[in-house]
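From first to last, the protein sequence lines stand for chains U, R and F.
Reading the first sequence from the start, the letters are residues 1 to 321 in the numbering used here.
Reading the second sequence from the start, the letters are residues 1001 to 1379 in the numbering used here.
Reading the third sequence from the start, the letters are residues 2001 to 2249 in the numbering used here.
Think of the CB as a built atom: it goes at the ideal place given N, C-alpha and C, for glycine as much as any other residue.
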Amino acid sequence: MSVIAFAKNWEGKFKKSTYELVSYAKDLASRLNTQTLILSIGEVDESELNKLAQYGADKIISVDDSRLNILSSRIYAEVISQVVNKEGASYVILSDNNSGKAISPRLSVKLKAGLAAAVLDVPKSLDPFIIKKRVFSGKAFAYVQIDSEKKILTLSKNSFGIVENPAVLNIERFTPELADDIFKIKVNSVEKADDKMILADADIVVSAGRGMKAAENWQPVEDLSSVLGAATACSRPVSDDGWRGHEEHVGQTGKVIAPNLYFAIGISGAIQHVAGINRSKCIVAINTDPEAPIFSIADYGVVGDAMTVLPKLTEIIRSGE
Amino acid sequence: MNFELTEEQEMIRDAARDFAQRELLPGVIERDENATYPTEQVKRLGELGFLGMLVDVEYDGGGMDAVSYVLAMEEISKVDASVSVIMSVNNSLVCWGVQKYGSEAQKQEFLKPMARGDKIGAFLLSEPEAGSDATSQRTTAVDMGDHYLINGIKNWITSGGTASTYLLIAHTHPEKKHHGINAFLIDSKLDGITIGPHENKMGMRASDTHSVMFNNVKVPKENRLGEDGQGFTIAMKSLEGGRIGIASQALGIASGAYELALKYAQERKTFGKEIFKHQAIAFKLADMAVEIEAARFFCLKAAWLKDQGKPYGQASAMAKLYAAETAMKVTTEAVQIHGGNGYVKEYHVERLMREAKLTQIYEGTSEIQKIVISRGLLA
Amino acid sequence: MKILVCISNVPDTTTKVKLTDDNKQIDNAGVQWIINPWDELALTRAIELKEDSSNTIDEVCVVNVGLNQSDATLRKALAIGADKAIRIDAEPLDAYFVAGQIAAYVKENPFDIVLSGIESSDYNGSSVGGMLSEFMDCPAISSMTKLDVENENIIIHRAIPGGKQILELKPPFIGIVQKGITNEPRIPAMRGIMMARKKPLEVVAAVELDSLSHIVEFELPKAKASCQMIAADQLEELVHLLKSEAKVL
Ligand SMILES: Cc1cc2nc3c(=O)[nH]c(=O)nc-3n(C[C@H](O)[C@H](O)[C@H](O)COP(=O)(O)OP(=O)(O)OC[C@H]3O[C@@H](n4cnc5c(N)ncnc54)[C@H](O)[C@@H]3O)c2cc1C
Ligand SMILES: Cc1cc2nc3c(=O)[nH]c(=O)nc-3n(C[C@H](O)[C@H](O)[C@H](O)COP(=O)(O)OP(=O)(O)OC[C@H]3O[C@@H](n4cnc5c(N)ncnc54)[C@H](O)[C@@H]3O)c2cc1C
């Protein structure tokens, strides 16, 4: 009956999203009156595992086989399913990130467990088990009922939050049985991408306008952009004046973009500018003028001087990572 | 009556739309401004089969119906009428004439490469003194026994500089008036042909329009299209179908401008609300929508008649007249709705307005369509 | 070698989603159906590989689990260049059901490479490819951004956080493709549209299989509220809202 959350590590460390996952698992387990089990695969220090206990893990099952430091969805699904069967668990929860997306479908077939991917909330009902997820690329939500006895969820980032719930650290080691031929894909090489985000592909865009006053004032814009892993953009007069390159110019006569998050800093929001950015999912405007038209299309607005707002914002985001 | 498109017609419309949006839209403003011939785009048009879509499959065409042709012309013209006029002339003026009146040898030699888009065709009818009055042909094709000798000048020739194949109209027996006119298939590289400069046009600036001069050009006997003296009929019949192409071009120009204006009217705010919420603007858009829909029905009706093998001359003249007038009106209003932005190039509507003007002029001016239609009333 | 591309039939991505009055279903009136954009990229790459005579791809097939409203979409796949389309005649109940049906077909009719898109712009998320690989008990490569065939070897690039991996493997395998696998989805040519008339669209019966989940209800997002103003000295609040309300950080 228990709930198992798969806590993925990144080179031996967990991220905030893992804490959120554990918090969510704990919440679900309490609703079901059952135990919260956390599964960690690969080599992770005890001190790092102890952090997970702070969010309510009744037991941490650690599979610290160094062969498993490299992620393979096929092997991980095999390991997780062995643990699920051994523990008789009914619920498996993974983060909705690349690894969760790759492992969960395999696990679903192995365990014959219905999968609800990218869930957004706690279940709407436990019996039948109904839960909310995003469909049609976010243009609608669906309530999915999982009909099988075992159930798998992948949790969307930031849909639950982190809730502390300290528990005593209780680690159990587990050695899975793995056939050797399961390790067979040959990795020829790994290349690092260069860090510069391409504007058209960027999920987050930090864009600034004439309100920045001069080319020399762009450092705070660059800083915010780099802490967010974002691309930078600008309004047309900014590139016309040569403060920034033309490849950054967005709008009717520049690039048309549709990022998840668009920061319009010191940009008034002229219709020609807006034509290039109004398909953004979320727009944040920072402007000294409370009447600036940009606020009429923004989702969040801050009235203030960019030169003071930006460094503060950057610092808050950096310290929150 | 059935207003449903077939699955295949929808697929063709979608293919044309995807092509126009992905491959014609980027750079359309620059090509127009610099009068740059769309070499790459025309090549792609050929690869996708649009340049010969009406030609039978056995001659390497697409074997598609005229309704599909209207749909494709509309989508392409929404974005770039300089490209769609090349498509229209090749398909409905040149290829059609060869397929309908050509000998088997002419089809093998001239039709196949044009249908594949490997070669482009041009239609040479207009002259300095023969535009609306196409019977006043001064270009002569004298029968020299084993060949024809061509002399004269043709004006306003779309694809005049790029075409490999000319469908030329010229007089052989001036005394027989228009019964003495012949049509010829000519390789544009023949000795004695010179091409004038690229005309510096108001719109459709990326299509190449030239005068073409003929000085003692020898054309083999077997290159005459149809019977001796059939040339004028061939020209007029070609134009009947050509008008469906230009009508659909006008329709596309109008609907392209309308779509931009509708979007803009929902974004632009004045006096605290979207301009669409000002009735004066909303009613303009309503009028535009009605006229475009009517023009579309005219085009599809003419195409349908053609596909059914029924007479379509009257219908295609009505379609051309109505669609061209609609295009001019709608594009002018689209500029108006865009305000100052409408008057600059980046917003596309001023270009569409310049393009619309041409649809009232070529392949028979609006006045000439009324002559055709009114004569038809008594027929 | 033979390639199979899984195709899901989805509403055009520009479609405005509307619900039926009881919120139980998507209102399909006026919806234009298209090939799921990621599947279209996979199909385009498969056809490019087949056209490149330096490798030995003999056949590219497409498969869809769906009712006859998918036929137009499958014929478009044929027009783009697939040699044969297979429709497994059943309502696509959930990803498990869809993957199970395709697996049953592939067990009877083996393929060397099976491709699917990383995402489906409707319900099934990124699950079908992964489930299929488990049903088939073969490797799956996710986030594939490049696919080349060299003799009997398959060379693949896969996106990983901060870079890419270059892998080599032998068929059979399941590839889950994302953007980058090819430049642009291919536009069907007139010739292709014409030839699609004559290509086989095989309708096969579904096998007995239970789905594991079903959708009970839909909900539309709330209308965009007016701009929420945050004081310049409360930027923590802004970051919090971006994370927990807008969910964009
Ligand atoms: C045909 C045409 C096409 C155009 N195409 C484009 C286009 O593609 N893209 C485009 O961007 N523009 C385009 N424009 C220009 C457009 O009309 C606007 O002029 C332009 O977008 C304004 O840029 P801006 O917002 O950076 O500058 P401004 O309009 O000058 O706005 C500056 C903003 O900064 C704010 N500000 C000032 N100081 C500060 C501070 N210290 N901190 C925070 N905020 C501050 C001000 O309140 C003001 O709102 C086009 C114009 C035309 C006519
Ligand atoms: C860009 C472009 C591309 C072209 N492409 C081609 C081509 O590829 N091949 C080709 O052969 N031609 C082509 N043409 C020529 C075009 O078809 C002629 O320009 C058109 O037929 C009008 O002829 P015109 O210019 O001699 O005008 P005119 O015949 O001199 O007409 C002048 C005006 O008088 C009006 N008018 C004339 N006669 C009458 C009448 N009886 N009653 C009432 N009003 C009348 C006309 O409507 C017009 O308003 C092209 C023209 C242009 C501008």
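Extent of the continuous alpha helix (DSSP H) run through U:Y262: Within the first sequence, the letter at position 262 stands for residue 262 of chain U. Here U:Y262 belongs to no alpha helix (DSSP H); instead the beta strand (DSSP E) covers 261-265.
Whole-Å CB distance - U:S108 paired with F:Y2096, under 8 Å assumed: As a working mapping, residue 108 of chain U is identified with position 108 in the first sequence. As a working mapping, residue 2096 of chain F is identified with position 96 in the third sequence. Right, the Cβ-Cβ distance comes to about 6 Å (below 8 Å), so this counts as a contact.
Helix, strand or coil at R:N1091 [DSSP, three-state]: By 1-based counting over the second sequence, the position of residue 1091 of chain R is 91. If DSSP states are grouped into helix, strand and coil, R:N1091 belongs with the helices.
Heavy atom of ligand 1 within 7 Å of U:E216 beta-carbon: Numbered from its first residue, the first sequence carries residue 216 of chain U at position 216. U:E216 Cβ: outside cutoff for every heavy atom of ligand 1.
Where F:K2224 falls, given that 16 or more other Cβ within 10 Å makes a residue buried: Here residue 2224 of chain F is taken as the residue at index 224 of the third sequence, counted from 1. Exposed, because fewer than 16 other Cβ atoms sit within 10 Å of the Cβ of F:K2224.
Within-8 Å CB hit, R:E1346 to chain U: Within the second sequence, residue 1346 of chain R is the residue found at index 346, counting from 1. At least one beta carbon of chain U lies nearer than 8 Å to the beta carbon of R:E1346.
Interface residues of chain U facing R:E964 [CB-CB closer than 7 Å]: Because chain R is modelled from 1001 through 1379, residue 964 of chain R falls outside the range shown and cannot be assessed.
heavy atom of ligand 2 below 7 Å from R:F1232 C-beta: For this step, residue 1232 of chain R is matched to residue 232 along the second sequence. Answer for R:F1232: no, Cβ out of range of ligand 2.
Unbroken stretches of the beta strand (DSSP E), 3 residues or longer, contained in the segment 12-49 of chain U: As for any beta strand (DSSP E) of minimum length 3 sitting wholly inside the segment 12-49 of chain U, the runs are 36-41, ordered along the chain.
R:K1277 in three-state terms, based on DSSP: As a position in the second sequence, residue 1277 of chain R is number 277, starting the count at 1. Looking at R:K1277 - three-state DSSP - the assignment turns out to be helix.
Complete beta strand (DSSP E) runs within the segment 50-119 of chain U (minimum length 3 residues, chain order): Contiguous beta strand (DSSP E) elements confined to the segment 50-119 of chain U occur at 59-63, 91-95, 114-119, taking only those with 3 or more residues.
Residue range of the unbroken alpha helix (DSSP H) whose run includes F:A2085: In the third sequence, residue 2085 of chain F corresponds to position 85, counting from 1. Note, F:A2085: premise wrong, no alpha helix (DSSP H); beta strand (DSSP E) at 2084-2089.
Reduced DSSP secondary structure (H/G/I, E/B, other) of U:F160: In the first sequence, the residue the question calls residue 160 of chain U occupies position 160. Looking at U:F160 - three-state DSSP - the assignment turns out to be coil, as it is neither helix nor strand.
Any non-hydrogen atom of ligand 2 closer than 7 Å to R:T1158 Cβ: The count along the second sequence starts at 1 and reaches residue 1158 of chain R at position 158. Correct: R:T1158 has its Cβ closer than 7 Å to ligand 2.
Cα-Cα separation, U:K322 to U:N170: Outside the displayed span of chain U (1 to 321) sits residue 322 of chain U, for which this structure offers no information.
Pair within 8 Å by beta-carbon distance, F:M2194 and R:G1063: By 1-based counting over the third sequence, the position of residue 2194 of chain F is 194. By 1-based counting over the second sequence, the position of residue 1063 of chain R is 63. In contact: F:M2194 and R:G1063 (Cβ atoms closer than 8 Å).
Beta-carbon neighbours of R:R1022, restricted to chain F and to distances below 8 Å: To locate residue 1022 of chain R, count along the second sequence from 1; it is residue 22. Contact annotation for R:R1022 against chain F: E2184, I2187 [CB-CB distance below 8 Å, chain order].
The segment 233-255 of chain U: positions lying closer than 7 Å to chain R by Cβ: Within the segment 233-255 of chain U, the residues whose Cβ lies closer than 7 Å to some Cβ of chain R are Q252, T253, listed in chain order.
R:I1373 and R:Q1314 closer than 8 Å at C-beta: Position 373 of the second sequence, counted from the first residue, corresponds to residue 1373 of chain R. Position 314 of the second sequence, counted from the first residue, corresponds to residue 1314 of chain R. Contact: yes.
Closer than 7 Å: U:Q272 CB and nearest ligand 1 heavy atom: Taking the first residue of the first sequence as position 1, residue 272 of chain U is located at position 272. Yes, the Cβ of U:Q272 comes within 7 Å of a heavy atom of ligand 1.
For F:L2067, the nearest candidate out of F:D2089, F:I2166, F:C2061 (CA to CA): Sequence index remark: in the third sequence, residue 2067 of chain F carries index 67 (1-based). Per the Cα distances, F:D2089.
Interface partners of F:R2075 on chain R, CB under 9 Å: Residue numbering aside, residue 2075 of chain F sits at position 75 when the third sequence is read from its first letter. In chain order: E1007, E1008, M1011.
Within 7 Å of chain U by C-beta, residues of the segment 2205-2217 of chain F in sequence order: Along the segment 2205-2217 of chain F, going in chain order, the ones with a CB nearer than 7 Å to a CB of chain U are L2212, S2213, H2214, I2215, V2216, E2217.
Whole-Å CB distance - U:I80 paired with U:I60, under 8 Å assumed: Within the first sequence, the letter at position 80 stands for residue 80 of chain U. Within the first sequence, the letter at position 60 stands for residue 60 of chain U. About 14 Å separates the Cβ atoms of U:I80 and U:I60, ruling out a contact at the 8 Å cut-off.
Residues of the segment 1259-1272 of chain R with Cβ closer than 7 Å to any Cβ of chain U, in chain order: Of all residues in the segment 1259-1272 of chain R, only E1267, R1268 place a beta-carbon less than 7 Å from a beta-carbon of chain U.
Counterpart residues of R:P1220 in DSSP-defined beta bridges: Taking the second sequence and counting its residues from 1, the one referred to as residue 1220 of chain R is at position 220. According to DSSP, R:P1220 bridges with R:H1147.
Reduced DSSP secondary structure (H/G/I, E/B, other) of R:R1205: Looking up residue 1205 of chain R in the second sequence gives position 205. R:R1205 falls in the coil class under three-state DSSP.
Chain R residues whose Cβ lies nearer than 9 Å to that of U:I271: The residue you call residue 271 of chain U lines up with position 271 of the first sequence. For a Cβ distance threshold of 9 Å, residue set Y1264, E1267, R1268, K1269, N1341 of chain R lies close to U:I271, ordered along the chain.
Short CB-CB distance (under 8 Å) between U:Q82 and chain F: The residue given as residue 82 of chain U occupies position 82 in the first sequence. Closer than 8 Å: no.
F:E2236 versus U:V302 - alpha carbon distance: As a working mapping, residue 2236 of chain F is identified with position 236 in the third sequence. As a working mapping, residue 302 of chain U is identified with position 302 in the first sequence. C-alpha of F:E2236 to C-alpha of U:V302: approximately 12 Å in a straight line.
Residue(s) in a DSSP beta bridge with U:W218: As a first step, residue 218 of chain U is located in the first sequence; it is residue number 218 there, counting from the start. For U:W218, which the question treats as bridged, DSSP gives no partner whatsoever.
Nearest-angstrom Cα separation, counted from F:M2131 out to U:A77: Sequence index remark: in the first sequence, residue 77 of chain U carries index 77 (1-based). Sequence index remark: in the third sequence, residue 2131 of chain F carries index 131 (1-based). F:M2131 has its alpha-carbon roughly 11 Å from the corresponding atom of U:A77.
Proximal chain R residues relative to U:A275, where beta-carbon distance stays under 8 Å: For this step, residue 275 of chain U is matched to residue 275 along the first sequence. Those within 8 Å of U:A275 in chain R are E1267.
From R:G1339, R:A1282, R:F1019, R:T1270, residue whose alpha carbon lies closest to that of R:K1078: Position 78 of the second sequence, counted from the first residue, corresponds to residue 1078 of chain R. The candidate whose alpha carbon is nearest that of R:K1078 is R:F1019.
U:T18 Cβ short of 7 Å to ligand 1 heavy atom set: What you label residue 18 of chain U is simply residue 18 of the first sequence in a count that begins at 1. Every heavy atom of ligand 1 is 7 Å or more from the Cβ of U:T18, so no.
Per-residue DSSP class, three states only, for F:E2168: Along the third sequence, one-based indexing puts residue 2168 of chain F at 168. Correct three-state label for F:E2168: strand.
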